[in-house]
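Going letter by letter, the sequence shown gives residues -16 to -1, 1 to 328 in mature numbering (1 follows the signal peptide of the UniProt record, and there is no 0).
We put the CB at the ideal spot given by N, CA and C, even for glycine.
The structure appears right after this line, and notes come after that.
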Amino acid sequence: MSPLTTMLLLFSLGMGTTLTMTSHHWLMAWIGLEINTLAIIPIISKQHHPRATEATTKYFLTQAAASALILFSSTMNAWTTGTWDISQMTNPTATTLLTTALAMKLGLAPMHLWLPEVLQGSTMNTALIITTWQKLAPMSLIYLTANNLSPTILLLTGILSSLVGGWGGLNQTQTRKLMAYSSIAHLGWMATIATMMPNILILTLMTYILMTTTMFMTLTTTKSKTLQDMAMAWTTSPTLTSISLLTLLSLGGLPPLTGFMPKWLILEELTLQNLTPTATTLAMSTLLSLFFYLRLTYVTTLTMAPNTTPTKHKWRFKTPPSKLLTTTTTTTLFLLPLTPLLTS
């Protein structure tokens, strides 16, 4: 793909998301989502491989169906209330349809089956875009309509997503599918808190994006597509494997790392709202996710003695360390002490 085409597609990707995030009219928000979808499709399919074509088709069909549902729900709401304002979504049927459509766009359970397959058919960088940037537009719509969405549906999809994200990742050996199930589990936490504390939703989304970006960039640098590749990643960069260990523990939500902060705040809020069974289920489901994160850390770092390899290192070019990786690593590991500042 030529640099001009790549620049045009990435610009359209950014413009679509920005248009959705800044619009107050349902049609403008829908147009932003469509621009976003149409821009990512050539990026996914650029490998000219059957897996990439399959992933593109699955992504397009899912997103097109979700966009049609969003347009249908907003039209139904406009028919009954006489307004296209995003914040005035008051029709019960329309809000239920909208919640379902946004869950499908994000990849929340039970509409999650497309996400692991699409990520597996994409490159690492494309998978990074799908799991981070592509979540911003639907999440902004959830944030804007949080007061009108159905809390019951969001709580149920949230709990189900955190459980499916944990169970689904247990028997995976492909790192992209592992990250897909990790994404589903994290999105479940966000859906659970969306109608109660939208500010914690934004904080959780930001920390999720930082942690996922760090992990994907680590996988890209070490060229690790499977668990077997992860086992040999330390010959490429011993320092990076140590960082990946801490990043995975942060994704699992262990203190004193950044990933503990959103889970702590969400569990606290759920307990205050007398939703103790929900909080308990979410906390237990995190143990499932933590298991496959720990399995990754064990394969990557903990099975090797801390010394140099007696065999020859992997052949590699001297690549300068990424500034983005340096920044995201720092924020992935050390933001927990700033919790009072970020939540005030």
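| Query | Result |
| --- | --- |
| Residues bridged to residue 69 (per DSSP) | 9 |
| Buried or exposed by the 16-neighbour rule on C-beta atoms within 10 Å, applied to residue -9 | exposed |
| Selected residue, minimal CA-CA separation from residue 249, among 226, 187, 204 | 187 |
| Own chain partners of residue 37 with C-beta closer than 7 Å, once the 5 adjacent residues on each side are dropped | 29 |
| Residue from 319, 87, 70 with nearest C-alpha to residue 238 | 319 |
| Assigned secondary structure, residue 158 (DSSP; H/G/I helix, E/B strand, else coil) | strand |
| For residue 210, the residue or residues it bridges with in DSSP | 158 |
| Cβ neighbour criterion (16 or more within 10 Å) applied to residue 145 | buried |
| Beta-carbon gap between residue 39 and residue 60 smaller than 7 Å | no |
| Residue -15 - DSSP class collapsed to helix/strand/coil | coil |
| Cβ neighbour criterion (16 or more within 10 Å) applied to residue 66 | exposed |
| Nearest candidate by alpha-carbon position, reference residue 267, set 226, 128, 247 | 247 |
| Separation of residue 212 from residue 287, as counted between CA atoms | 12 Å |
| Spatial distance of residue 116 from residue 197 (CA atoms) | 7 Å |
| Where residue 47 sits in the DSSP three-state scheme | helix |
| Segment contact flag, the segment 5 to 18 with the segment 41 to 54, C-beta cutoff 8 Å, min 3 pairs | yes |
| Coarse secondary structure for residue 319, derived from DSSP in three states | coil |
| CB of residue 1 within 7 Å of CB of residue 121, strictly | yes |
| Same chain only: Cβ atoms within 7 Å of residue 132, ignoring 5 sequence neighbours per side | 73, 74, 79 |
| Rounded C-alpha distance that separates residue 9 from residue 62 | 11 Å |
| Inter-residue Cα distance where the pair is residue 101 and residue 221 | 29 Å |
| Residue closest to residue 150, alpha-carbon to alpha-carbon, out of 161, -5, 105, 169 | 169 |
| Where the alpha helix (DSSP H) through residue 240 begins and ends | Careful: residue 240 lies outside any alpha helix (DSSP H) and carries neither H nor E. |
| Buried or exposed (CB count within 10 angstroms, at least 16 for buried), residue 207 | exposed |
| Cβ-based neighbour list, residue 316, same chain, cut-off 7 Å, excluding 5 preceding and 5 following | 194, 195, 198, 231, 234, 242 |
| Element boundaries [alpha helix (DSSP H), containing residue 124] | 120 to 128 |
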